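Single-structure report; data block below.
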Amino acid sequence: DAGVIQSPRHEVTEMGQEVTLRCKPISGHDYLFWYRQTMMRGLELLIYFNNNVPIDDSGMPEDRFSAKMPNASFSTLKIQPSEPRDSAVYFCASSPGTNFYEQYFGPGTRLTVT
Amino acid sequence: AQSVTQLGSHVSVSEGALVLLRCNYSSSVPPYLFWYVQYPNQGLQLLLKYTSAATLVKGINGFEAEFKKSETSFHLTKPSAHMSDAAEYFCAVRKGGSEKLVFGKGTKLTVNP
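Protein chains in written order, with our numbering: chain P, -4 to 109; chain B, 3 to 115.
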């Protein structure tokens, strides 16, 4: 299996621009998680889906952030408009339904907002 | 509320020495506890898990952890460090009855030759 795939790996954008991060989970996994990692705050869960349905988005920082999962093999995290404080590494992870805690992480997208 | 505290943001050991990474948890329910490892420029990888079975848990790459309820600890150990163990290690606890994990701040392990 190819593992969790994220694109792009690096994104540099200017403040105010829209940013879209993409994730392809492992085939057959029921859960998909979006995390943000920064030096200051560590690893934070933003939102997670079960069978394409958002279950908990309490970690989404504000309305500028939105996430979708239109089908079992694709999810997006969108930031509009982006701000410098959004600079972080964003990880997508997926897990099987039976063992949700066995999360398989993608390589991450390093976002820099200038 | 469930949380974990990792003692020491940086740990340095010599190759062949014992590795001990500390994690204390807080949980109002019997906890599910995990250790994940992150190699440079990669995502996290599950190292081992405790889900209320045996208190001594063995993971990949020779690591193990012992759940001690009386000490609310779940420390990670490896008898002999290898250069390839250099990475950042995260302790995590399941949040309540949900599918959410709460991660610690991480401990960066350096292995010196």
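Yeah, the Cβ is synthetic: ideal placement off N, Cα and C, and Gly gets one too. Here the structure is a predicted model, which means the values were calculated and not measured.
Which residues does DSSP pair with residue i in a beta bridge?
i	result
Val15 (chain B)	B:Val113
Ala89 (chain B)	B:Leu111
Gly37 (chain P)	P:Thr33
Ala88 (chain P)	P:Phe28, P:Phe100
Ala83 (chain P)	P:Leu106
Asn63 (chain B)	None; Asn63 (chain B) has no bridge partner.
Asp51 (chain P)	P:Tyr43
Thr7 (chain B)	B:Asn26
Val39 (chain B)	B:Gln47, B:Tyr91
Glu68 (chain B)	B:Leu58, B:His77
Arg17 (chain P)	P:Ser2, P:Thr71
Ser61 (chain P)	P:Lys73
Tyr52 (chain B)	B:Leu35
Establish whether the CB of residue i and some CB of chain B are separated by less than 7 angstroms.
i	result
Gly92 (chain P)	no
Glu6 (chain P)	no
Glu37 (chain P)	Looking at the sequence itself, residue 37 (chain P) is Gly, so the reference to Glu does not match. Yes, Gly37 (chain P) lies at the interface with chain B (some Cβ there is under 7 angstroms from its Cβ).
Leu106 (chain P)	no
Leu72 (chain P)	no
Leu16 (chain P)	no
Leu40 (chain P)	yes
Here's the rule I'm using: 16 or more other beta-carbon atoms within 10 Å means buried, otherwise exposed. How should residue i be labelled?
i	result
Ser74 (chain P)	According to the sequence displayed, residue 74 (chain P) carries Ile and not Ser. Buried is the call here.
Met64 (chain P)	buried
Tyr91 (chain B)	buried
Glu9 (chain P)	exposed
Val31 (chain B)	exposed
Ala56 (chain B)	exposed
Gly11 (chain P)	exposed
Thr112 (chain B)	exposed
Gly10 (chain B)	exposed
His77 (chain B)	buried
His24 (chain P)	buried
Val14 (chain P)	buried
Gly45 (chain B)	buried
Ser70 (chain P)	buried
Asp87 (chain B)	buried
Asp58 (chain P)	exposed
Please list the partners that residue i has in chain B, where partner means a Cβ-to-Cβ separation under 9 angstroms.
i	result
Asp51 (chain P)	Ser100, Glu101, Lys102
Tyr85 (chain P)	Near Tyr85 (chain P) there are no residues of chain B at all, since even the closest Cβ is about 11 angstroms away, more than 9 angstroms.
Could you tell me which chain B residues have their CB closer than 7 angstroms to the CB of residue i, listed as they occur along the chain?
i	result
Pro102 (chain P)	Gln44, Gly45
Tyr96 (chain P)	Tyr34, Phe36, Lys51, Arg96, Leu103
Can you pull the chain B residues whose beta carbon is under 8 angstroms from the beta carbon of residue i, in chain order?
i	result
Phe60 (chain P)	In chain order: nothing, as chain B lies at least about 17 angstroms away.
With residue i and residue j assumed to form a contact (beta carbons below 8 angstroms), what rounded beta-carbon distance in angstroms separates them?
i	j	result
Arg31 (chain P)	Tyr85 (chain P)	5 angstroms
Ile21 (chain P)	Gly(-2) (chain P)	6 angstroms
Gln4 (chain B)	Gly98 (chain B)	6 angstroms
Val104 (chain B)	Tyr34 (chain B)	Not a contact, Cβ separation roughly 11 angstroms.
Tyr99 (chain P)	Ser89 (chain P)	6 angstroms
Glu6 (chain P)	Leu72 (chain P)	Not really, about 11 angstroms apart at Cβ, beyond 8 angstroms.
Ile0 (chain P)	Gly101 (chain P)	6 angstroms
Lys18 (chain B)	Ser82 (chain B)	Checking the displayed sequence, the identity of residue 18 (chain B) turns out to be Gly instead of Lys. Contact flag correct, Cβ pair sits at about 5 angstroms.
Quick check on residue i - is its C-beta less than 7 angstroms from some C-beta in chain P?
i	result
Phe69 (chain B)	no
Gln105 (chain B)	Residue identity check: residue 105 (chain B) is Phe in the sequence provided, not Gln. Yes, Phe105 (chain B) counts as interfacial toward chain P.
Leu48 (chain B)	yes
What does residue i reach in chain P if we use C-beta pairs closer than 8 angstroms?
i	result
Gly61 (chain B)	Near Gly61 (chain B) there are no residues of chain P at all, since even the closest Cβ is about 12 angstroms away, more than 8 angstroms.
Phe65 (chain B)	Those within 8 angstroms of Phe65 (chain B) in chain P number zero; the least Cβ separation is about 16 angstroms.
Below 7 angstroms on C-beta distance, what does residue i contact in chain P?
i	result
Gly108 (chain B)	Gly37
Could you list which residues in chain P have their beta carbon closer than 9 angstroms to that of residue i, in chain order?
i	result
Phe76 (chain B)	Simply none; closest approach about 14 angstroms.
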